[in-house]
Amino acid sequence: MDSLQPVLDGFGVVLDPTNLLYCLIGVVIGMLIGVLPGLGPAATIAILLPLTYGVEPVTAIIMLAGIFYGAQYGGTITSVLLRLPGEASSVVTVFDGYVMAKQGRAGTALGIAAIGSFIGGTVSIIGLTFLAPVVAGFALDFGPPEYTALALLGILLVATISGGSKIKALIAAAFGLLLATTGRDIFTGAERFTFGNLGMADGIDFVPIAMGLFGVGEILYNLEERHRAAAVPVKVANVWPSRADLKQSTGAIGRGSVLGFFLGILPGGGATISSMAAYAVEKKRAKDPSRFGRGAVEGVAGPETANNAAATSSFIPLLTLGIPANATMAIIFGALLIQGVTPGPQLIANDPELFWGVVNSMYIGNILLLIMAIPLVGVFVRILRVRGAILAPITALITLLGSYTIRNSMFDVLLVVIFGAVGYLMKKFGFEPGPLVLAFVLGSLLESNLRRSLLVLGGDVGGFFTRPISATLLVIFVVVALWPMVKAAFDRRKSSRHETSDNQEVKENA
Amino acid sequence: MNFPRRRAVLGVTAASALLALTACGGNVGSDSSSGDFPSGPITLTVGQAAGGSTDLIARTMGAGISDQLGVPVPVVNKPGANGALATKEVAAMPADGSNLILLNASLITITPLAVSEDETVTLDNLDVIKGLSQDDYVMVASKESGITSLDDLKKSTKTLTFGTTGVGTGSQLAQALLLAQADIKGTEVPFDSGSPALTAVMGNQVQLSTIQLGEAKPQIDAGKVVPVVVFSDERNTFLPDVPTALEEGYDVPVSQYRALAAPKGLPEDVKAKLVDAVDKTLAEDSTKAFNEKNLLTPKEISGEEVVKQWNDLATKYKDLTEEYDIELSSK
Amino acid sequence: MKHKAKGAATETAPGPGGTAAASGAAAGVSGPQGGTDVEAVADEELTPEELAARWEEDAAPPAGPQANFWASLVTLAIGIAAMVLSVQLDLGTPAEPRPGMWPFLVSLVIAVLSVTQLVVGRRGGRDGEKFSKLSWLAAVGFATLLALVALMPLLGFEIPAVLLCFVWMKILGGESWRSSILYSLIIVAAFYAIFILGLQTTIPHLF
């Protein structure tokens, strides 16, 4: 980057009152949409597109971007308070965030998520500012073999993340993979497991599964648990993370930012994998990994930072290459086209004001999000004060009505209810829904890219290892897979060496 | 615990009062409204997800019709099976003009070649109101492949990989037909949609892909990919220098068309009003600008012509695929 | 910014009426009164670890060996069924896989793991929870949800939703008649306002 002048000019653009206003509107709408399960940022942006026709392109994009990451945070709120992951990248937050809420630390969880998201987003924006062109080319080198390797790594992470019975977690994950195969096979057009139902033709969507397994499953479970458990009072003590919590999370936030930034650039699936990777990293690094799944604050800080960093860096392929990294980006791409702006390699050159205006608006948007989160966390935590008997039908209705809005289809609502029953049964029998959902998301990525790789490589499997990126990823895969065994072997040797040295000491001292 | 009778009576009265409000604006059950059309909102259903080109076209048309007829025209997305789900649903609704569907030609002309009988949708239970626009496919090559024309393709000795946007799409059909007719060997690599297919070409993960023009143009202009051939009937105004497959001597006219339709059996006056509203919308400058921006070529033909053309295309594609022994899917 | 937050947020749970987290193990609704319950608030604030330990003590008994047996059997059955269906989809070869190959491999894994679990978990273990009489509550909840799904296209969401709320609050939750009816109507009215008036969604509605 030669001069910072365009960047500073960009700030001038953003601080324009109209743009600030639209940024605020976008973030607020985004948060509200994120809290309502079902209606996602993609659909919302599409519906609100007409609002953008009458304003400047910069203003339009600023608002749309605001909706996007506002929705991310809204999804976090429901993950923590209601165990309802709004998006695939919020699933991991549920593991510890929801437990923290039950412990009366919802404020901590939400606060840490807000702070982490802010820092992750900021780091990502700084990275975007200085590294965008360099990193963009990197995204193009990811072909089917690389995505296959990445998905394999992801599946491995799924196994690592889950607590409880490992075998059951793997069974759940395998079910997730199986569910991902439903629908029409894009390679041959064959219908798999659709049982003649047209509603299954495109397979099952992530949202009904997540809302059913996590949301409705938990609601059904609580109908029973509420009456069984003796009243264990919990003080809803804090509304904001303590200094200790913050200190504990700094490492997680730092690592999450970097992970999220790099993984978010990859078109398709970066955010989810980054949240999983962040969680796995934190769990492995922790002195006491058993805390995870029981309310470890790093378990929220890491993934939340990562997925926000990834959400921000997913703008890079869009703005620099004109490649949308996910569905929401695709719509923003369309919105930009309507505005007469063509995102792509020429954007920085042709319209630097717009480019930097958008980039800097994300910075401001993140600040706005953090500022708004402060009072809102207090409000949302109060929701938990509502009696369970009343909260239950409210949550159930939000989930069911919200799920209708995904595709305006009653079939999806039925799916949510059915998966709700499955989620309840899974809980009773000791299976965790997390691995299922995560494997589901990765499953289609894995299979499609594996088959594509075979086509692209002409059946030559060796190609996986001759391509630099996929080879690296596969090596990492092997290392991560074998690490526990290697570590165990090391520890045994260490302890035996200690024994011998202890014995020697004893002998010497004798 | 006492049973407060008064409260119960109140409750029941309230409930029945609510029930009595059934006539007020609900959307459950068929509401056959007689009298002047339009007497209420017109629902425009789209069989694709929000934000895609079909959806944007629907929203533009919806807004225009709403202005012309003075009633709200909400757009409802019901994605699934390339629009089959939504189309079948709308075709089964009462034909009183309060329900419209935005049709994709590929659903009628190409999808039947790839799916089973009961998933096939025909125009038989629909009344087509007007044809709207045409969206063309272009085959692009990566820079690294060194291919700039169809001749280069034919001369190539390597087995090339060709990205498509999925099974049963115009992209797949066009490419398959061209390769078969030109006797070019290649491996077909399906992607989920246009965007990943385009990205793959840009990164030379595959050497060629056939993408919709609107998606590919920015990259063509930026020089990241090289256009080889378009599959429209005539040269596309947005890419005047690129030859058509027809010009090169191959019978591969494949384009995506969109039209507005309603359930079959529309009363004549209702249909006339709708056609008028659509015509006026199409004549607006804002619609023309929209088409320009999205690289759509207007194809504003009457409903009857749409039916004829699309059914002809469906038959043509069927014949061509049989002739060249092409199977879009393995049924 | 952070200092501001700290200043504003020194909220501790007030004594009476301070019912805490709505879900499972935390303080919930007790008897049929349904009014603001005066819970016995713990004198000392429990650390998360202590809380987790408390929960484990209070937790329902683990599912046990029988449950493990049946669960593993069910997953095994599904795995095998999926394997059969996959073969029907045509397997192809590893170099040129057909649609059935991947589902076959995955369902094979499910079947194998199920057998493993059957063996490994035959003595029970600590996961899962036993069913109890209270589990019927969950079953009723599930039934009402299905009823909602069935009735929504016919009657719109308002009436089935009111009924569901009422059943959940009164029968499953032990609230009073008045609160149940009142809250049901308020809640559904609020949803109407949000989803129909505010967001203009097309959820089937009667009014």
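Chains as they are written, first to last, in numbering that gives the first Met the number 0: chain A, 0 to 509; chain B, 0 to 330; chain C, 0 to 206. For each residue, glycine too, the CB sits at the ideal point set by N, CA and C.
Asp135(B) carries a strand assignment under DSSP once its states are collapsed to helix, strand and coil. For Leu327(B), a Cβ of chain A is located within less than 8 Å of the residue's own Cβ.
The beta carbon of Phe354(A) lies closer than 7 Å to those of Leu318, Leu346 and Ile347 in the same chain, with the five residues before and after it left out.
For Ser71(C), the closest of Val157(A), Thr193(A) and Phe428(A) by C-alpha to C-alpha distance is Phe428(A).
Exposed is the label assigned to Val478(A), since fewer than 16 other Cβ atoms lie within 10 Å of its Cβ. Leu99(B) and Val120(B) do not touch by the CB rule: their CB atoms are close to 16 Å apart, not below 8 Å.
In the DSSP assignment, Thr186(B) falls within the beta strand (DSSP E) that extends over Gly185 to Pro189. Cβ contact annotation for Ile111(A) (same chain, cutoff 8 Å, sequence separation greater than five): Pro240, Asp244, Leu245, Ser248, Val296, Val299, Ala300 and Glu303, in chain order. Residues of the region 146-169 of chain A whose Cβ lies closer than 7 Å to any Cβ of chain C, in chain order: Gly163, Ser164, Ile166, Lys167 and Leu169.
The three-state secondary structure of Ile158(C), taken from DSSP, is helix.
Distance from the CA of Leu84(B) to the CA of Ala113(B), rounded to the nearest whole angstrom, comes to 16 Å. A residue is called buried when at least 16 other Cβ atoms come within 10 angstroms of its Cβ; Lys157(B) does not meet this threshold and is exposed. Looking from the CA of Leu437(A), the closest CA among Pro316(A), Gly69(A), Val93(A) and Gly74(A) belongs to Val93(A). Ranking Ile166(A), Ile208(A), Phe489(A) and Ala372(A) by CA distance to the CA of Tyr68(A) puts Ala372(A) first.
Glu304(B) sits in a helix when the DSSP states are folded into three classes. When DSSP states are grouped into helix, strand and coil, Ser161(A) belongs to the coil group. Think of a sphere of 7 Å around the beta carbon of Asp140(A): the chain B residues whose beta carbon falls inside it are Gly202, in chain order.
For Leu390(A), no beta strand (DSSP E) encloses it; the enclosing alpha helix (DSSP H) starts and ends at Gly387 to Arg406.
Beyond the five residues adjoining it in sequence on each side, Gln133(B) comes within less than 6 Å, by CB distance, of Ser254, Tyr256, Thr296 and Lys298 in the same chain, given in chain order. In this structure, the CA atom of Thr311(A) is about 47 Å from the CA atom of Lys263(B).
In terms of Cα proximity to Ile160(A), the closest of Gly356(A), Ala279(A), Thr58(A) and Pro144(A) is Ala279(A). Residue contact check for Pro40(B) against chain C: no CB pair falls below 8 Å. Here the region 268-287 of chain A makes no contact with the region 200-218 of chain B; the two share fewer than three CB pairs at distances below 8 Å. Between Pro60(C) and chain A, the shortest Cβ-Cβ separation is not below 8 Å. In the DSSP assignment, Pro207(A) falls within the alpha helix (DSSP H) that extends over Phe205 to Ala209. Residue environment: Phe230(B) is assigned as buried (16 or more neighbouring CB atoms within 10 Å of its CB, all protein chains considered). Val75(B) has a beta carbon lying within less than 8 Å of a beta carbon in chain C.
Listed in chain order, the non-local C-beta contacts of Gly96(A) below 6 Å within the same chain comprise Ser78, Val79, Ala108 and Val299, local neighbours out to five positions each way being set aside.
Following the DSSP letters along the chain, one finds Ala261(B) inside the beta strand (DSSP E) bounded by residues Ser254 to Pro262. For Asn103(B), the enclosing beta strand (DSSP E) has its first and last residue at Asn98 to Asn103. Minimum Cα-Cα distance from Gly162(B) among the listed residues Asp126(B), Gln206(B), Lys153(B) and Ala179(B) corresponds to Gln206(B). When DSSP states are grouped into helix, strand and coil, Val70(B) belongs to the coil group. Within chain B, Arg58 and Ala62 have C-beta atoms less than 9 Å from the C-beta of Pro49(A), given in sequence order.
The Cβ of Lys292(B) sits closer than 8 Å to at least one Cβ of chain A. Taking C-alpha positions only, Ala282(B) is separated from Leu88(C) by approximately 50 Å.
In the DSSP annotation of this structure, Ser144(B) is not part of any alpha helix (DSSP H), being labelled neither H nor E.
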